[in-house]
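Below: the structure, in structure tokens.
Protein chains: 2
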Amino acid sequence: MDNNKIGEAAIRTLVEGWAKSVRNRNLSGILANHSPDIVMFDVPPPLQSKGIEAYERTWALFYSWSDDPVVFDICEMNITAGEDVAFATALMRCAPTEQNGKRAELDFRLTLGLRKIADQWTITHEHHSIPAI
Amino acid sequence: MDNNKIGEAAIRTLVEGWAKSVRNRNLSGILANHSPDIVMFDVPPPLQSKGIEAYERTWALFYSWSDDPVVFDICEMNITAGEDVAFATALMRCAPTEQNGKRAELDFRLTLGLRKIADQWTITHEHHSIPAI
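Heads up: the protein sequence lines correspond to chains A and B, in order.
So the first sequence is numbered by my numbering: it starts at 335 and just counts up by one.
So the second sequence is numbered by my numbering: it starts at 335 and just counts up by one.
What follows is the structure, encoded as structure tokens:
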């Protein structure tokens with residue numbers, strides 16, 4: 335297996351672990367492989383959130399809509415990895431509770447940017463979105 | 335200048351040229367450095383557009399809203415480049431014409447994924463979005 339395939343496999347494991355941490359409301363797991371300087375483009379406003387503390391706050395907002403069991407599923411993922419830079423794209427599904435108390439299925443798109451820092455793949459960018467109506 | 339800095343500079347020139355092609359309604363310029371297999375997550379539906387022909391159709395939709403002069407400005411851009419994989423994030427602005435005939439300023443987020451193929455940086459992924467209301 336060449337180095338890029340090894341990188342892709344490591345990143346797949348990392349992203350699947352991150353999504354599992356989201357489902358488990360495990361905040362330290364969510365943050366475990368993120369850069370202090372992460373730039374987040376999230377589904378709800380603001381336009382961007384810079385830095386790990388602002389990133390952490392986006393999860394408090396997410397959990398304010400997400401009842402148990404939390405849905406945060408990777409439907410389809412593609413990873414492009416070089417020696418020390420990579421990105422991943424995915425189609426995702428969550429299930430926010432709406433104002434009427436019903437849970438909706440919400441499909442969204444995810445792009446991740448990663449750097450290998452001190453031999454560890456680290457997420458430096460996340461972009462979550464839904465199409466605008 | 336190390337190779338990654340050279341890559342970042344080449345990608346900055348490529349993305350600035352692409353945005354200029356958008357402003358100039360120059361479709362061959364828009365498509366010049368894109369992979370046949372590009373995966374596009376656009377501002378309007380659908381959830382994703384796969385392949386260069388579907389990508390090309392997203393621009394017909396964009397121009398159906400965009401009167402002259404076309405606004406498609408890079409407000410802030412950051413590029414992370416390795417030897418042969420890179421990604422770029424940007425805050426962008428366009429100015430669609432609304433149903434009342436007025437032009438709105440619309441700030442949006444852009445993430446690009448790139449691979450170096452045959453010594454040429456090539457866009458294999460685009461993610462454009464606005465925050466959901």
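Using N, Cα and C, we set each Cβ at its ideal position, and we do this for glycine too.
Only a predicted model underlies this, so the values are computations on that prediction, with no experimental measurement involved.
Please list, in chain order, all residues of the same chain as residue i whose beta carbon is under 6 Å from its beta carbon, the five residues on each side excluded.
i	result
Leu444(B)	Ala424, Met426, His462
His459(A)	Val373, Gly447
Asp407(A)	Arg427
Arg437(B)	Ala429, Thr431
Ser355(A)	Gly363, Ile364
Asp376(A)	Thr392, His462
Arg357(B)	Val404, Phe406
Phe421(B)	Thr414, Gly447
Between which two residues does the beta strand (DSSP E) harbouring residue i extend?
i	result
Ser463(A)	454-463
Gly440(B)	Note that residue 440(B) is Leu in the sequence shown, not Gly. Where Leu440(B) is concerned, the enclosing beta strand (DSSP E) stretches over 440-451.
Val364(B)	Note that residue 364(B) is Ile in the sequence shown, not Val. Note, Ile364(B): premise wrong, no beta strand (DSSP E); alpha helix (DSSP H) at 361-365.
Asn412(A)	406-415
Ile372(B)	368-375
Over what stretch of residues does the alpha helix (DSSP H) that includes residue i continue unbroken?
i	result
Arg427(B)	Looking at the DSSP string, Arg427(B) is not in any alpha helix (DSSP H); the run it does join, the beta strand (DSSP E), is 419-428.
Ala344(A)	337-357
Ile386(A)	386-399
Return the chain-ordered list of same chain residues with a C-beta closer than 8 Å to the C-beta of residue i, the five sequence neighbours on each side being excluded.
i	result
Gly385(B)	Pro370, Asp371, Ile372
Ala388(A)	Met374
Whole angstroms are fine: how far does the CA of residue j sit from the CA of residue i?
i	j	result
Phe442(A)	Pro403(A)	18 Å
Lys450(B)	Thr347(B)	15 Å
Ile413(B)	Trp352(B)	15 Å
His368(A)	Leu361(A)	12 Å
Gly341(A)	Arg359(A)	27 Å
Ala452(A)	Ile467(A)	42 Å
Leu440(A)	Pro465(A)	11 Å
Asn338(A)	Ala415(B)	15 Å
Pro378(A)	Cys409(A)	21 Å
Val349(B)	Gly435(B)	30 Å
Gln382(B)	Trp399(B)	20 Å
Leu380(A)	Ala344(B)	According to the sequence provided, residue 380(A) is Pro. The question's Leu does not apply to it. Roughly 30 Å separates the two Cα atoms.
Trp455(B)	Thr456(A)	23 Å
Met411(B)	Asp401(A)	36 Å
Using a beta-carbon distance below 9 Å, is residue i in contact with chain D?
i	result
Ile467(A)	No chain D appears in the structure shown, which is made up of the protein chains A and B.
Leaving aside the five residues before and after residue i along the sequence, list all residues of the same chain whose C-beta is less than 7 Å from its C-beta, in chain order.
i	result
Asp418(A)	Arg449, Lys450
Sufficient close CB pairs (3 or more, under 8 Å) joining the segment 391-399 of chain B to the segment 388-401 of chain A: No, the segment 391-399 of chain B does not touch the segment 388-401 of chain A.
Chain A contacts from the segment 349-375 of chain B (Cβ-Cβ distance under 7 Å): Val373, Phe375
Residues in the segment 403-420 of chain A having any Cβ partner in chain B nearer than 8 Å: Listed in sequence order: Asn412, Thr414, Ala415, Gly416, Glu417, Asp418, Val419, Ala420.
Chain B contacts from the segment 435-446 of chain A (Cβ-Cβ distance under 7 Å): Asp441, Arg443, Thr445
Contact list for the segment 376-391 of chain B against chain A, Cβ threshold 9 Å: Asp376, Val377, Pro378, Pro379, Pro380, Leu381, Gln382
Where the segment 447-460 of chain B meets chain A: residues whose CB sits under 8 Å from a CB there: Gly447, Arg449, Thr458, His459
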